[in-house]
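Here the working numbering is used: position 41 in the sequence shown is 42, and no number is missing along the way. The C-beta atom is built at its ideal place from N, Cα and C for all residues, glycine as well. Report on one structure; see the data block that follows.
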Amino acid sequence: YSSAASDVYKRQISICTSHFLAGGTATFYTYAGQAAFDSGDLTAAERYLAMGIRQFNAVELMWGRGVAFGYYGMLCVQQGRYQEAFDFLTRAERFAQRLESCYEQGMLNRMYGQIALRMREDSKLRSVFGRYLDQSAEFYAARARKLLEHVYSPVDLLYLEQIEQRTQCSLE
């Protein structure tokens with residue numbers, strides 16, 4: 002998460018805020034949170050994603066809501082807050098399905114693959130997600146790849162490659 006990217010998101014958030022564009026503000030907070038999460042800055046990710054969710058909850062904008070809730074759910078997984086993660090991820094899935102967004106559904110299936118991998122070694126995570134995510138990491142990764150087939154999302158594809166490499170290693 003580069004300072005240049007951070008500066009761009011901050012500038013966009015400022016513009017949207019000053020023009021009372023709550024939907025744009027929610028979107029750019031989500032982008033900033035997504036970028037921070039993907040680069041490992043969980044503190045910034047939590048701050049931005051919480052603000053994005055707050056903005057989404059203030060307006061009736063559906064586009065991007067599943068991304069904000071999905072990433073916040075993954076943040077909760079990283080922090081060991083599994084029930085909260087479950088709540089956010091299931092809400093994200095409802096938003097993505099209602100929107101019929103291949104990107105959001107693909108992103109969520111990629112996240113489910115990551116969680117399914119972690120569930121193999123984390124009984125607490127498995128106790129929360131086990132009934133809901135009852136397929137293999139490979140299944141979710143394949144479904145994500147299919148949903149993302151016509152979407153440009155290099156970050157999701159990188160995560161999918163990591164899932165596929167880890168599942169290959171466990172088979173050997």
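Open item on the list: Once the 5 residues before and after residue 20 are set aside, which same chain residues still bring their CB inside 7 Å of it?
Closed with: The pLDDT assigned to residue 20 is 49, lower than 50, so where the model puts this residue is not dependable; a value taken from the coordinates is nonetheless given after this. If we look at residue 20 and ignore the five residues flanking it on each side, it has no Cβ neighbours.
Task: C-beta atoms of residue 118 and residue 167 nearer than 8 Å - done: The answer is yes: Cβ separation under 8 Å.
- [ ] Go ahead and pull the three-state DSSP assignment for residue 149.
- [x] Of the three classes helix, strand and coil, the one that applies to residue 149 here is coil, per DSSP.
Open item on the list: Please state the DSSP three-state secondary structure of residue 32.
Closed with: In this structure, residue 32 counts as helix in the three-state DSSP scheme.
Task: Member of 80, 92, 150 whose CA lies at the smallest distance from the CA of residue 1 - done: Outside the displayed range of the chain (2 to 173) lies residue 1, so it cannot be described from this structure.
Open item on the list: Can you tell me where the alpha helix (DSSP H) holding residue 137 begins and where it ends?
Closed with: The continuous stretches of alpha helix (DSSP H) do not include residue 137, and DSSP gives it neither H nor E.
TODO: Sort 121, 91, 159 by Cα distance to residue 72 and report the nearest one.
DONE: Closest option to residue 72, Cα to Cα, is 91.
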